[in-house]
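Each residue of the sequence shown is one higher than the one before, starting from 29 at the first, in our numbering.
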Amino acid sequence: MQLLEERILTDGNILGENILKVDNFLTHQVDYRLMKAIGKMFAQKYAEAGITKVATIEASGIAPAVYAAEAMDVPMIFAKKHKNITMTEGILTAEVYSFTKQVTSTVSIAGKFLSKEDKVLIIDDFLANGQAAKGLIEIIGQAGAQVVGVGIVIEKSFQDGRRLIEDMGIEVTSLARIKNFENGNLNFLEADA
Ligand code: 5GP
């Protein structure tokens, strides 16, 4: 997605060896126009797939996920990272190791929001080692629902996440694919949409 790649080049900052900071438009301050365009791209890609729900993990997945849900006219569910006393019934959970925070947390979705009839599109801001997407796939599987695909805003293709998800037989659609970081610059692979 050209608009996204241009924005990454303008506003992205490389931190250390393998982190991209995009807090100007995606992970802290949110550019809703760009999110809207991202949502439309995912909706076009999955127009014939019969998606009934979009799912993500709080917090940075929520912005692209809600615009994808709007474009597909379906609800968006975000998995919660902290248990909440109001979550009392039929909680579905998975353990997720966070690449950026380097801690494992239990993420959860209330079972009442997923059913065997659901066809779910997972959306996330980044794909690194695939642990966030894997946790969501486990939760959606516990509900007996089907994961139709994983839609990623920025994939770091030099990490293992894409292979992990594809090895489960699930399609990955990444709007920007970063091949590598090189001397403070970044190189893209051809994106999926
Ligand atoms: P994974 O679970 O695929 O290893 O990592 C994905 C999650 O870690 C994303 O939801 C995102 O929050 C965070 N993440 C991974 N890599 C980066 C990165 O380079 N930059 C930022 N801002 N977040 C990242």
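Every residue gets a Cβ at the ideal spot worked out from N, C-alpha and C, and that includes glycine.
State yes or no: is the C-beta of T121 nearer than 7 angstroms to some heavy atom of the ligand 5GP? T121: no, Cβ never under 7 angstroms from the ligand 5GP.
In angstroms, rounded to a whole number, what distance separates the CA positions of I150 and E218? As the crow flies, the alpha-carbon of I150 is around 21 angstroms from that of E218.
Limits of the alpha helix (DSSP H) - the one that L62 falls within: It spans 60 to 73 - the alpha helix (DSSP H) in which L62 sits, taken as one unbroken run.
Cα-Cα, which of A161, V131, K108 is closest to A138? Checked all of A161, V131, K108; the closest Cα to A138 is K108.
For the structure I just gave you, are there three or more beta carbon pairs, one from the region 169 to 183 and one from the region 129 to 147, closer than 8 angstroms? The region 169 to 183 vs the region 129 to 147: in contact.
Grouping DSSP H, G and I as helix and E and B as strand, with all else coil, what is L54? L54: coil per DSSP, three-state reduction.
Could you give the residue range of the beta strand (DSSP E) that holds K111? Neither: K111 is in no beta strand (DSSP E) and is coded neither H nor E.
State the CB to CB distance for the pair I182 and A204, rounded to an integer number of angstroms; the pair is presumed to be in contact (CB under 8 angstroms). The C-beta distance from I182 to A204 rounds to 5 angstroms, short enough to meet the 8 angstroms contact threshold.
Sheet register partners of L217 (DSSP bridge): Paired residue(s): R205.
Using a threshold of 7 angstroms, is the CB atom of I47 nearer than that to any non-hydrogen atom of the ligand 5GP? Judged by the Cβ position, I47 qualifies as a neighbour of the ligand 5GP at the 7 angstroms threshold, a heavy atom of the ligand being closer than this.
Do three or more CB pairs link the region 183 to 201 to the region 80 to 98 at distances below 8 angstroms? Judged by Cβ distances under 8 angstroms, the region 183 to 201 makes no contact with the region 80 to 98, as fewer than three pairs qualify.
In terms of residue numbering, what span does the alpha helix (DSSP H) encompassing L192 cover? Bounds of the alpha helix (DSSP H) holding L192 are 189 to 195.
E128 to V102 span [Cα, whole Å]: A quick correction: the sequence has Thr, not Glu, at residue 128. Between the alpha carbons of T128 and V102 lies a gap of roughly 30 angstroms.
Roughly how far, in whole angstroms, is the beta-carbon of V135 from the beta-carbon of V148, given that I think they are within contact range, below 8 angstroms? V135 to V148, Cβ: 15 angstroms. No contact.
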